[in-house]
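Chemist:
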Amino acid sequence: MEMPLARFQNISLDQLRSISSSDHKVFRENSLFSGNCFGIGRRKWRNPSDQIKCLSLEQGLQPRPKPDLSRVHTDVKEVRLDETQVKKSGLRICSKIEKLVLCNRFREAFDLFEILELEGSFLVGTSTYDLLIQACIGLRSVRGVKRVFNYMTRNGFEPDQYMRNRVLLMHVKCGMMIDARNLFDEMPERNMITWNTIISGLVDAGDYLEAFRFFINMWEEISDADTRTLATMIRSAAGLEQISVGRQLHSCALKMGIGKDTFISCALIDMYSKCGNIEGAQFVFVEMPEKTTVGWNSIIAGYALHGYSEEALNMYYEMRDSGVKMDHFTFSIIIRICTRLASLEHAKQAHAGLIRHGFGLDIVADTALVDFYSKWGRVEDAQSVFDYMPCKNLISWNALIAGYGNHGHGEEALEKFEQILEEGMKPNHVTFLAVLHACSYSGLSERGWEIFQSMSRDHKIRPRPMHFACMIELLGKEGLLDEAFALIRGAPFKPTANMWAALLTASRVHGNLELGKFAAEKLYGMEPEKLINYVVLLNIYIRSGKSKEAAAVVQTLRRKGLIMRPACSWIEVKKQQHVFLSGDKCHVQTKEIYQKVDSLIHEISKLGYVPEEKTLLPDVDEQEQRVLLYHSEKLAIAFGLINTPEWTPLQIVQGHRICNDCHNAIKFISQVTQREIVMRDASRFHRFKNGSCSCGDYW
DNA sequence: TTAGGGTTAG
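All the letters of the first sequence, read from the start, carry residue numbers 1 to 699 under full-length UniProt numbering.
(1) Helix, strand or coil: which one does DSSP assign to Val573?
(2) Helix, strand or coil, according to DSSP, for Lys689 in the structure here?
(3) Can at least three beta-carbon pairs, one atom from the region 419–434 and one from the region 385–404, be found at a separation below 8 Å?
(4) Do you know offhand how far Leu581's Cα is from Asp598's?
(5) State buried or exposed for Tyr373, treating a residue as buried only when at least 16 other CB atoms are found within 10 Å of its CB.
(6) Run the CB neighbour count on Ile199, radius 10 Å, all protein chains shown included, and call it buried at 16 or more, exposed below.
(7) When the Cα of His328 is compared with those of Leu305, Val364, Ser309, Glu311, which residue comes out closest?
(8) Starting from Glu676, follow its DSSP beta bridges and name the residues at the other end.
(9) In the DSSP assignment, find the unbroken alpha helix (DSSP H) run with residue 705 in it and report its ends.
(10) Might you give, ordered along the chain, the residues of its own chain that have their beta carbon closer than 7 Å to the beta carbon of Lys173, omitting 5 neighbours on each side?
(11) In whole angstroms, what separates the C-alpha of Gln62 from that of Glu108?
(12) Measuring alpha carbon to alpha carbon, tell me which of Leu132, His250, Glu158 ends up nearest Lys146.
(13) Excluding the 5 residues flanking Tyr316 on each side, which residues of the same chain have their C-beta closer than 6 Å to its C-beta?
(14) Name, in chain order, the residues that DSSP records as bridge partners for Val579.
(15) With DSSP as the reference, label Ile461 as helix, strand or coil.
(16) Taking 7 Å as the limit between beta carbons, can you name the residues of its chain near Thr673, skipping five residues before and five after?
(17) Please state if the CB of Ala368 and the CB of Arg336 are separated by a distance shorter than 7 Å.
(18) Measure the alpha-carbon distance for Met526 versus His351 and round it to whole angstroms.
(19) State the start and end residues of the unbroken alpha helix (DSSP H) segment that holds Ala347.
(20) In angstroms with no decimal places, state the Cα-to-Cα distance between Gly448 and Ile652.
(21) Assign Lys44 to buried or exposed, taking buried as 16 or more other Cβ atoms, counted over all protein chains shown, within 10 Å of its Cβ.
(22) Who are the Cβ neighbours of Gly516 in its own chain at under 7 Å, not counting the five residues just before and after it?
(23) According to DSSP, is Ile652 helix, strand or coil?
(24) Go ahead and label Lys77 buried or exposed: buried means 16 or more other beta carbons lie within 10 angstroms of its beta carbon, across all protein chains shown.
(25) On the premise that Cys266 lies in contact with Glu241, defined as a C-beta separation below 8 Å, what is that separation, rounded to the nearest angstrom?
(26) If we ignore side chains and look at the alpha-carbon of each, how far apart do Gln577 and Ile669 end up?
(27) Quick one: is the Cβ of Met319 within less than 6 Å of any heavy atom of the ligand NAD?
(28) Determine, using beta-carbon pairs with one atom in the region 629–636 and one in the region 589–603, whether at least three such pairs fall under 8 Å.
(29) What is the rounded straight-line gap between the Cα of Gly561 and the Cα of Gln589?
(30) Could you check where the alpha helix (DSSP H) with Ala205 kicks off and where it finishes?
(31) Assuming Asn150 is part of the alpha helix (DSSP H), what are its boundary residues?
(32) Taking DSSP as the reference, what is the three-state secondary structure of Glu527?
(33) Just to confirm, is the Cβ distance from Ile264 to Phe285 under 7 Å?
(34) What is the C-beta distance between Leu487 and Asn512, in whole angstroms, given that I count them as a contact (C-beta under 8 Å)?
(35) Within 10 angstroms of its Cβ, does Asn217 collect 16 or more other Cβ (buried), or is it exposed?
(36) Exposed or buried, which one is Phe493 when buried takes at least 16 other CB atoms within 10 Å?
In structure tokens, the structure reads:
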């Protein structure tokens, strides 16, 4: 046999180790392995109903019928059975266990297994052990693994190679990697399945480098690898985001004649897109002889990952038209895309499709929906989806809390947080970020401070820079600039740009020139090319009447060649999106749009709206200044008003943080028109109703 | 004889 894998022997472990360990760590920390509330690794389910069933059973959220064991217990405990009777009774129980497992009634199978454990000496056969292992994997039950394994050991069960692999798999799938590795080391014989099993476990656990070490050892020991090995290793390369390694694996697969295998192709699409090469992913997808559901899912997710949300959505419709079956993965991906596009129409269709295709109870898709409705400003809908979920994990809770918090419902967010604690779930750093943001947006500074302190004290979670930045924002809003500055100085790590940016913003809001200057200078050192840092300081100087200093900032901007990118907003009207740039005059209805903006400005001026003093460069002529006043949000709103008489709510989305002036204008427009306006800036959503913004934030 | 592989959510 040709040895394409031999080239991997040229990769030293040091080379693998040199792969950025911080990236690796971030990936691991963000992976499900660390994030899910069950404390176990990656789960795989044949279909979502299995998932719901199993998770519900494990969490004890659904009542399950319990077999009446009392009589049998009595038989076993009180009546001494002779050897024949034990055998007869044991065989009957084993047969029943096997039938229960085959019907996916894993819990009940374990209830019966308890009888055998109490009796203690009945010699269970391979087929029963095999199905008990299946039950453990189905439940992802560590306790189940221990029970089955103890029983085997106690009764001197001597497994053959098949059973040894099954026992190994049981440990791997339940995340018991230390035990799995011990078993692996002690195995008298290891075949390809043994190697594939342990490697797959390492990749599931995010231990990618170790997976590569095993892969190399595997080649040394058995000089063989198959499609499954390659598919797993490609997943590992994706986890490490090492395209060069991924490419070598691709080359190996081609040399082995399995380059177009469905599993390999899907893994390659995912690897190329995660490594930043969407063209590579597209190439593999086009070359796939048969485009499967997973293939479509992978390429759509790849496009979405690279920010090509509209293209991804188009591919989804192409997938649907091609007649390929969609699954719960498809809908989870699509809902996330809708969140990025902030498209209610598409999300509604995806929500309907999810239910129609029978995946309405899938935890991942439902969580994506909770997140969508939360971000879109429909917290009630988010709560409604959440309430219908048969089981929720920490990710679902976090999405809901962020939804409440980002829309000014700080108290509700805190209530949900309390509920998490009452239910015995362990909050993670994302939970705390959502809760602290909620406190910040709703002005609950004392509660925010208490929670921030409780993070390390009570929950043993070390606050990260994002938590610090959030607290600085919170203190800054209260005008507690000295305290905010003290927090930066007291941080147990080097302050990050986010932290200084929060202090700079607070300094601008409260007109603290000295602190603003200090924060801006720190930011210049860290992000020398980031325009916004200069603009904020420029604002501070202009408002403080420091024209000389303001001119110096302008000079710096020019020297560096930093140009303000025109802001972009888009509005969805009658299922179609219309995009506007600042001062945009390309739209066919430009004339009407500008007339509408003028009349709105006239109306809102009567209500007391005064445009903010513009931060314009000194030599910008008046005509240009006038054009710049027509920000993209205002144009989009005017367009919406002209074209949608039944417009509610109107959504304005923009890629950059909007200026105070525009924010205030939108507030007034909402008041004048009595319309509800949902608007998103770079970091959060704002919902205006009768002129007031639900987030409680000020600009 | 049986077993091991690919894509989703905060």
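Backbone N, C-alpha and C define an ideal beta-carbon position, used for all residues, glycine too.
Just so you know, these numbers come straight off a predicted model, no measurement behind them.
Modeler: From the atom records:
(1) Strand at Val573.
(2) It is a strand residue.
(3) Taking 8 Å as the limit for Cβ pairs, the verdict is that the region 385–404 does touch the region 419–434.
(4) Straight-line Cα distance between these residues: approximately 17 Å.
(5) Taking a 10 Å sphere around the C-beta of Tyr373, we find 16 or more other C-beta atoms and assign the residue as buried.
(6) If you draw a 10 Å sphere on the C-beta of Ile199, you find 16 or more other C-beta atoms in it, and that means buried.
(7) For the residues Leu305, Val364, Ser309, Glu311, the minimum Cα distance to His328 belongs to Val364.
(8) DSSP lists Lys689 as the bridge partner or partners of Glu676.
(9) Here the chain covers residues 1 to 699 and nothing more, so residue 705 does not appear.
(10) For Lys173, where only same-chain residues beyond five positions count, the Cβ hits under 7 Å are Ile137, Arg140.
(11) Model confidence at Gln62 stands at a pLDDT of 35, short of 50, so the residue's coordinates are unreliable and nothing is read from them.
(12) The residue with the shortest Cα to Cα distance from Lys146 is Leu132.
(13) Excluding positions up to five away in sequence, the list reads Ile300, Ile334.
(14) Looking at the DSSP assignment, Val579 forms a beta bridge with Trp570.
(15) DSSP places Ile461 in coil when its eight states are reduced to three.
(16) So the qualifying residues of the chain are Leu641.
(17) Yes, the pair counts as a contact, with Cβ atoms nearer than the cut-off.
(18) Distance between the alpha carbons of Met526 and His351 is about 43 Å.
(19) Start and end: 344–356.
(20) Pairing Gly448 with Ile652, the inter-Cα distance amounts to about 30 Å.
(21) For Lys44, the predicted structure reports a pLDDT of 36, less than 50, and the residue's modelled location is therefore unreliable. A value from the coordinates is still provided. When all chains shown are included, Lys44 counts as exposed.
(22) Here the set comprises Leu504, Ser507, Arg508, Leu537, Ile540.
(23) Strand.
(24) Confidence at Lys77 is low in this model, with a pLDDT of 41, below 50, so its placement is unreliable and the value that follows should be read with caution. Looking at its Cβ environment, which holds fewer than 16 other Cβ atoms inside 10 Å, Lys77 is exposed.
(25) The beta-carbon distance between Glu241 and Cys266, rounded to whole angstroms, is 18 Å. This is too long to meet the 8 Å contact definition.
(26) Cα to Cα, Gln577 sits roughly 21 Å from Ile669.
(27) Only the bare structure without any ligand can be found here, which leaves the ligand NAD out of the picture.
(28) Here the region 629–636 lies against the region 589–603, with 3 or more beta-carbon pairs under 8 Å apart.
(29) Taking the straight line joining both Cα atoms gives about 34 Å.
(30) Ala205 -> no alpha helix (DSSP H), and no H or E assigned at all.
(31) For Asn150, the uninterrupted alpha helix (DSSP H) segment begins and ends at 142–154.
(32) Looking at Glu527 - three-state DSSP - the assignment turns out to be coil, as it is neither helix nor strand.
(33) For the pair Ile264 and Phe285, the CB atoms are not nearer than the 7 Å cut-off.
(34) Incorrect: roughly 15 Å between the Cβ atoms, too far for contact.
(35) By the Cβ neighbour-count rule, Asn217 is exposed, with fewer than 16 other Cβ atoms within 10 Å of its own.
(36) It counts as exposed.
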